[in-house]
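Asker: Residue numbers (the working numbering), protein chains in the order written: chain E, 1 to 617; chain L, 1 to 167.
All residues carry an ideal CB built from backbone N, CA and C; glycine is no exception.
Everything numeric in this text was worked out from a predicted model, so none of it was measured.
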């Protein structure tokens, strides 16, 4: 075990010893074992690689390293060769011996594992040539591919915790001033200026203050915070320590979503390692700073992303939001001054302290500075995490990094801001993505989820989906949210099941306004955004459901029917075999038919048909 | 099987005590963490576990029960041996996750959140696990299976439960 680092000089010397070990090696092969790649078998690839590197006696040359999410989930399992910057995609265990033989020992590139640029049909030799990465500015995610997130040494070797020593030199007032001047706004959704929030907490009366990291990333379809906590936990922790220094907080809490077990494990380990080196605890780096952090697992309640509900949960109570007549910065956790920021906000702090407010505010737009990580998912060619300057257009994200819509389908909408956000149509694609513009267009930044929808997505169904989620996540405190959302969900059910009329739509709008006006917390007031924004931009689709009893996207079960195109069907019998209802009949090599009365519209026949002969009308 | 009831109870108390010993500060703020650990131990929160947690932390039983039933992550009824979780995140939804859940519910006769009567399988849904790139996905006993179709899921579950060949 390493001794506590007594002062900033000891940290510098420690880093130097680490650098010696690292420079003795030629490089590293970083296997992405982020959530997506892990699910694709990346751990097996990593283990095989490690074994092969050892077996071939190459361990002194190159280190096999398992890293957090590198962003390009679509290409997973991903492999990054450092320092060359070569990326191999869709790597399987069988590819490992060839990679070690050719690339590690022979210095030769395995061409077939390189990503192809669809525009030029050329293979991309370097990370920066890959269309997905080309226009990104990865300030926060860059190191995810470079470090082993379970090793504090890796973080320190790359310059980690030097922002903390810089902050200790600057003093708390100057740190606060720098964060204020940077224009950093909260990345959790509301976009409140971080510096002002810190200032309020710093100015609040009381000896014991808390800082809290909101890692209860509850927006379905968003995993930026998970990627940061899994891939670079010390960057978040360092941000919290600096924040505690600026505000005079003694204790920190990281509230992590329990559905992210790996993130829980990584941040827990990071805290233990920081404690061992004396970067947490008494007299940090020999300064007067005393601060320690604890990890709390969430219980699986979306509402706990709301600050006052999270405090209740941290106190061992049900996560019910309260009226915030007094700011949390004055009376938060256990009634004491508390500052809560999101994971990505905290991760930005060391960057701002090291590189300065001017550097930070030179990125992005005037009102929204810095970069933002988006989780680009849904019906898009390149799924993954995209980090771009604020103000980048939706088009650049979806059709640039994202590579557009797969399968030759039409883009229909993009949903930003999670369940509290809205859906924007194609004519809003050139809107710059920043806090204020998105809100003006009826959506919001949220924490950075970006779900792309194509012509096969029904917007009424999407609105119903979000209402189902929010109705079940309502804490039950306010009648308007508890009952209002349930009724709205039922009304949308009427529309999708063919019982709706124009009056149903009018009722939906009226009730949505009431819920928005009378709910206590942001879960209720913003819960109606998905309904209102789809009504605003996709009204024709709602009208098709109520006037013509038709679902144009072919999604709403009550309004569609399945049939088999006799001209395409070759009578392979697969659909008849798989149909759970025995609703499909036909002779071998003869066109099959579906008995409508038996069909439950499960869609299995369409999934299994290799000739695209199953029609949905 | 075969162990006397008193021994089983002693074991349960012992296991509960071992979990509570990890939290020596008796801080009510640890309640959610403790409940997670107890659930990992017993698969669900037994009445005894909740009661002993309450007395250990000096909290009313009602508060512990209130917390245990407020959060989706906790169960107060016995749970099955295996768990199949369908991700219902937005990204999975637009790629047809609802159909996966319907198929699973049809195959097992159990609605999401429930357990088969023989305690073999829990049917669960989750709102996103952060693996959106490979959606729609299901998690079977901790293993993630991406790009699922209703048909694949059906076969996967039947294989797990040893009910292959049945339609």
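According to DSSP, simplified to helix, strand and coil, what is residue 293(E)?
Answerer: strand
Asker: At a Cβ threshold of 8 Å, is residue 106(L) touching chain E?
Answerer: Taking Cβ atoms only, chain E reaches closer than 8 Å to residue 106(L), which makes this a yes.
Asker: Please list the segments of the alpha helix (DSSP H) lying wholly inside the region 130-216 of chain E, counting only runs of 4 or more residues, in order along the chain.
Answerer: 131-134, 152-157, 162-170, 172-182 and 194-203
Asker: If residue 604(E) and residue 579(E) are in contact, beta carbons under 8 Å, what's the gap, nearest whole angstrom?
Answerer: 7 Å
Asker: Compute the Euclidean distance between the alpha carbons of residue 152(E) and residue 366(E), then round it to the nearest angstrom.
Answerer: 35 Å
Asker: Can the beta-carbon of residue 170(E) be found less than 8 Å from the beta-carbon of residue 385(E)?
Answerer: no
Asker: Between the C-alpha atoms of residue 167(L) and residue 606(E), what's the straight-line distance to the nearest angstrom?
Answerer: The predicted model places residue 167(L) with a pLDDT of 45, which falls under 50 and marks its position as unreliable; any figure quoted below should be read in that light. Taking the straight line joining both Cα atoms gives about 18 Å.
Asker: Based on DSSP bridge pairs, tell me the residues matched to residue 450(E).
Answerer: 376(E) and 416(E)
Asker: Taking the beta strand (DSSP E) that residue 78(L) belongs to, which residues open and close that run?
Answerer: First-last for residue 78(L): undefined, no H or E at that position.
Asker: To the nearest angstrom, report how far apart residue 254(E) and residue 247(E) are at their CA atoms.
Answerer: 17 Å
Asker: Check whether the Cβ atoms of residue 15(L) and residue 37(L) lie closer than 8 Å to each other.
Answerer: no
Asker: Which residue marks the beginning of the alpha helix (DSSP H) containing residue 592(E), and which one marks its end?
Answerer: Premise fails: residue 592(E) is in no alpha helix (DSSP H) and is neither H nor E.
Asker: Please report how far the alpha carbon of residue 583(E) lies from the alpha carbon of residue 591(E), in whole angstroms.
Answerer: Approximately 14 Å, taken between the alpha carbons.
Asker: Could you check which residue in 243(E), 381(E) and 510(E) has the C-alpha nearest to that of residue 95(L)?
Answerer: Distances from the alpha-carbon of residue 95(L) to those of 243(E), 381(E) and 510(E) put 381(E) closest.
Asker: So for residue 548(E), helix, strand or coil by DSSP?
Answerer: coil
Asker: So, under 8 Å CB-CB, residue 565(E) and residue 615(E) are touching, yes? Tell me the CB distance rounded to an integer number of Å.
Answerer: 5 Å
Asker: Please check if any C-beta of chain E sits within less than 8 Å of the C-beta of residue 59(L).
Answerer: yes
Asker: Which value, in whole angstroms, describes the spacing of the CA atoms of residue 82(L) and residue 349(E)?
Answerer: 43 Å
Asker: Would you report the Cα separation of residue 265(E) and residue 123(E), rounded to the nearest angstrom?
Answerer: Residue 123(E) has its alpha-carbon roughly 37 Å from the corresponding atom of residue 265(E).
Asker: Just the C-alpha distance for residue 204(E) and residue 333(E), rounded to the nearest angstrom, thanks.
Answerer: Near 13 Å, if we compare the C-alpha coordinates of residue 333(E) and residue 204(E).
Asker: How about the region 367-374 of chain E and the region 429-444 of chain E: do they share at least three Cβ pairs that are nearer than 8 Å?
Answerer: yes
Asker: Going by DSSP in three states, residue 569(E) sits in which element: helix, strand or coil?
Answerer: coil
Asker: Name, please, each residue of chain L whose Cβ falls closer than 7 Å to the Cβ of residue 314(E).
Answerer: 29
Asker: Step through the CB atoms of chain L and report whether any lies within less than 8 Å of the CB of residue 435(E).
Answerer: Taking Cβ atoms only, chain L never reaches closer than 8 Å to residue 435(E), which makes this a no.
Asker: Do you know how far the Cα of residue 207(E) is from the Cα of residue 352(E)?
Answerer: 27 Å
Asker: Please list the residues of the region 303-329 of chain E that have a C-beta atom closer than 9 Å to any C-beta atom in chain L, keeping them in chain order.
Answerer: 304, 313, 314, 315, 316, 317, 318, 319 and 320
Asker: The beta strand (DSSP E) with residue 382(E) in it runs from where to where?
Answerer: It is not in any beta strand (DSSP E) - residue 382(E) carries neither H nor E in the DSSP assignment.
Asker: Using DSSP's beta-bridge definition, name the partner residues of residue 422(E).
Answerer: 416(E)
Asker: Determine whether the beta carbon atoms of residue 249(E) and residue 209(E) lie at a separation below 8 Å.
Answerer: yes
Asker: Beta-carbon of residue 129(L) versus every beta-carbon of chain E: anything under 8 Å?
Answerer: yes
Asker: With respect to the alpha helix (DSSP H) encompassing residue 70(L), which residues constitute its N-terminal and C-terminal limits?
Answerer: Where residue 70(L) is concerned, the enclosing alpha helix (DSSP H) stretches over 61-70.
Asker: Judging by CA-CA distance, which residue of 299(E), 324(E) and 330(E) is the nearest neighbour of residue 315(E)?
Answerer: 299(E)
Asker: Spatial neighbours of residue 122(L) within its chain, please: C-beta separation below 6 Å, excluding the five flanking residues on both sides.
Answerer: 79, 80, 83 and 115
Asker: Taking just the CA atoms, how far does residue 456(E) sit from residue 636(E)?
Answerer: With chain E covering only 1 through 617, there is no way to say anything about residue 636(E).
Asker: If you check the beta carbons only, do residue 47(L) and residue 86(L) fall under 8 Å apart?
Answerer: Not in contact: residue 47(L) and residue 86(L) (Cβ atoms no closer than 8 Å).
Asker: Tell me which residues share the same chain as residue 305(E) and place their Cβ nearer than 6 Å to its Cβ, disregarding the 5 neighbours each side in the sequence.
Answerer: 216 and 218
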